[in-house]
Structures are given as C-alpha cells and as structure tokens.
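Enquirer: Remember, the working numbering sits 13 above the position in the sequence shown when you count from 1.
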Amino acid sequence: MNPASLRDLSRQLVRQLGMLETQCGEVSLTPVQAHALIELERSPCSVNQMAKLLNVDKSNASRTLNRLSKLGFIKSITNPKDKRSQVTTLTEHGLRTLQQLHQQQNHHYQQVLDQLPIEQLTQLESALTIYNQALLNTERQKDLKVRPLIHTDNSAIASVIRNVSAEFGLTEEQGYAVGDPTLDCMSEVYCASNAQYWIIEAGETVVGGGGVAPLIGEEGVCELQKMYFLPQIRGKGLAKTLVTKALNFAQKQGYKHCYLETTAELSAAVALYESLGFEHIKQAMGNTGHEVCEIRMLKVL
14 MNPASLRDLS RQLVRQLGML ETQCGEVSLT PVQAHALIEL ERSPCSVNQM
64 AKLLNVDKSN ASRTLNRLSK LGFIKSITNP KDKRSQVTTL TEHGLRTLQQ
114 LHQQQNHHYQ QVLDQLPIEQ LTQLESALTI YNQALLNTER QKDLKVRPLI
164 HTDNSAIASV IRNVSAEFGL TEEQGYAVGD PTLDCMSEVY CASNAQYWII
214 EAGETVVGGG GVAPLIGEEG VCELQKMYFL PQIRGKGLAK TLVTKALNFA
264 QKQGYKHCYL ETTAELSAAV ALYESLGFEH IKQAMGNTGH EVCEIRMLKV
314 L
C-alpha cells in the first residue's frame, strides 16, 4: 500500500459512510451534529472539550453547539465540577432524536456486518483499530519531524541518550550504551547502506532517536539500537513509529532476523517490542558490548 491507495480507500469509506451528505439518513442531523450528540450522551462537555473530541477547531465546535441549542437538542447547565463555568448536555428532545439515530444506524451497520463471515469480522475489527491508532498517532506527532541522522546531530542525540540514561539509572560504569565509545560520532556508525538511524526533532531541537545496524557476529541479523526519547515526546506513538521504520528498512535490506537487548527498567519499551512480535530468548546473540542488558529479544522478518 502507498499514500495514493490509502487516500483512495479512505475517500471511498467517507462517501459510503454518508459523511458528505447534509443529513444522516432519515434523521434531521448533519454528520457533525450527530457526532456531537453522541459525545454529549456519554458526558456533558464544554466547547473546548467538544472541539477536542471531534478533532475540529473551537469555532467549528461552537457553531455546531449553538445550532443544536437553537434546534432544542441541547442545553447549557452549570458545570458540576466547576460552578464558575457551564457545560452542554442533551435535552429530552435531543435524547429522543439520538435514540432514533442509533436505531437507524445500528440497523444499517448490522446489514454491513451480515455481509462478512466470522473470520473477516475479526480481521475488520483489527484492521480498523490499527488504522484508527495510526491516525491518532499521526495527529499527536504533527509538530514533530522524523528524519535520518546527519553529522551535525551527533552532539544533540548524544545528549539525549545521556539524559535518558541518567533518568533511568543506566550508567556507563554498568556497561550500558551510554558508555559506547562511538556515542559522540553516531553518524559515522550509521553511514553504511545496511544501517540507518533516525532522529526526532521538535522545532530545531533533537528530542529522540532510534536505529538499526548489522549485528556483529551474526549473518543476516540486524540489531535495533539506541531507542531513546525525552519525556516530553513520550506517549505519542513515536517509539512504535521508529521501530516500524527500522523493521521495514531491515526487511528491504534483506535481513532475516532483528535482535535487541534491553533492561527491565524500560518496561514500556519491553511491552512495545512484545506487541510488535519480538520474542524473548535466553542466550545473547552477536557482540553488542552490552552484557549488562538482561533482556534479549528476537523477531523473524
């Protein structure tokens, strides 16, 4: 799949789901109004909260709520959590209309589900979940840039690695990667055609990175290396983005396996690697120079 084919499929989905229509079937609501009422059924919310939920700007959310209020679908009430502010909630008319919408849409989507055998239902749920998460991560990462490492990044990425290592108590004396002799000249390490390192930028500041290179002493095996992220960019899916980039690169280079070493101190990283198909192995592979890392994992490419 490439960007053009993904765009084409997404356009077809938008059209088939009726998102270009001015009304949701037989119910007199626009698609954005319907989405707003569904969120209000879950919980009353402010204009700012609605904008975030619908992934639209504040003015768009405000116009939608004002129109729904004029139509009698919603009303403003005092915020139970903050008496100085107000939130929007459904009226009885709004709730009845929403129930009508649910009945109509549930019937339609049941007809869609009836087209698919059980095994494809599971595949559909998995694929849509993955696609939705990728969209969410892309939105979270919109102010960040991922690009290949160049020589002018050396000092900045070395600083990131030292700071994160200190945060988790991973010292040079213990034998962790922070003590690698090539730490301050990493661009030279990853300049070969069968290796690559990517850095993450927030504006002009390097805030993280990760890469892949041949595993010394093991034919056809690469090693996932130096995945480090400053606190301000964690939780945005960037680790998965970089690992995925590394694995895709490795496959194109003809590697058969990808190896990594890490420590239980980095529990979130271990969980990510497991979710991406890395399996725990007992014996260390190759010559990484990091005997202190007690967790070894391997993935078949």
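Where is the CB? At the ideal position from N, CA and C, for every residue including glycine. Please read these numbers as outputs of a predicted model, since none were measured by experiment.
Please work out which residues of its chain come closer than 6 Å, Cβ to Cβ, to N300, disregarding the five sequence neighbours upstream and downstream, and give them in chain order.
Expert: I229 and G230
Enquirer: Could you give the distance in angstroms between the alpha-carbon of E307 and the alpha-carbon of A281?
Expert: 15 Å
Enquirer: Thinking C-alpha only, which one of I90, K312 and T165 is nearest E214?
Expert: T165
Enquirer: Using the beta-carbon count (16 or more within 10 Å), is Y122 buried or exposed?
Expert: exposed
Enquirer: Taking DSSP as the reference, what is the three-state secondary structure of V206?
Expert: It should be pointed out that residue 206 corresponds to Ser in this sequence rather than to Val. Looking at S206 - three-state DSSP - the assignment turns out to be coil, as it is neither helix nor strand.
Enquirer: Unbroken alpha helix (DSSP H) runs of length 4 or more, entirely within the region 141 to 201: which are they?
Expert: 167 to 180
Enquirer: Since F242 sits in a beta bridge, which residues does DSSP pair it with?
Expert: Beta-bridge annotation (DSSP): F242 is paired with G221.
Enquirer: Could you check the C-alpha separation between L157 and L285 for me, to the nearest Å?
Expert: 20 Å
Enquirer: L50 lies in the alpha helix (DSSP H); which residues open and close that run?
Expert: Residues P44 to R55.
Enquirer: On the CB-based measure, 16 or more other CB atoms within 10 Å of its CB, does N167 come out buried or exposed?
Expert: So N167 counts as buried.
Enquirer: Per the contact definition of three or more C-beta pairs closer than 8 Å, is the region 104 to 124 in contact with the region 62 to 79?
Expert: no
Enquirer: Let me check understanding here. Comparing Cα to Cα, which of P161, A208, N150 and F291 lies closest to T254?
Expert: N150
Enquirer: Would you mind reading off the limits of the alpha helix (DSSP H) that contains Y268?
Expert: DSSP places Y268 in no alpha helix (DSSP H); its state is neither H nor E.
Enquirer: Which residue comes first and which comes last in the beta strand (DSSP E) that contains S89?
Expert: I87 to T91
Enquirer: Could you compute how far the alpha carbon of I90 sits from the alpha carbon of N145?
Expert: 33 Å
Enquirer: Mapping the DSSP letters down to three states, classify Q99 as helix, strand or coil.
Expert: Strand, per DSSP.
Enquirer: Given L129, which residues of its chain have a CB within under 7 Å of its CB, disregarding the five upstream and five downstream residues?
Expert: The residues are L137.
Enquirer: Per DSSP, which one or two residues make a beta bridge with Q312?
Expert: The question names Gln, but residue 312 in the sequence shown is Lys. K312 is bridged to C271.
Enquirer: Exposed or buried, which one is I163 when buried takes at least 16 other CB atoms within 10 Å?
Expert: exposed
Enquirer: The beta strand (DSSP E) spanning E292 covers which residue range?
Expert: Counted as a single uninterrupted DSSP element, the beta strand (DSSP E) harbouring E292 occupies residues E292 to I294.
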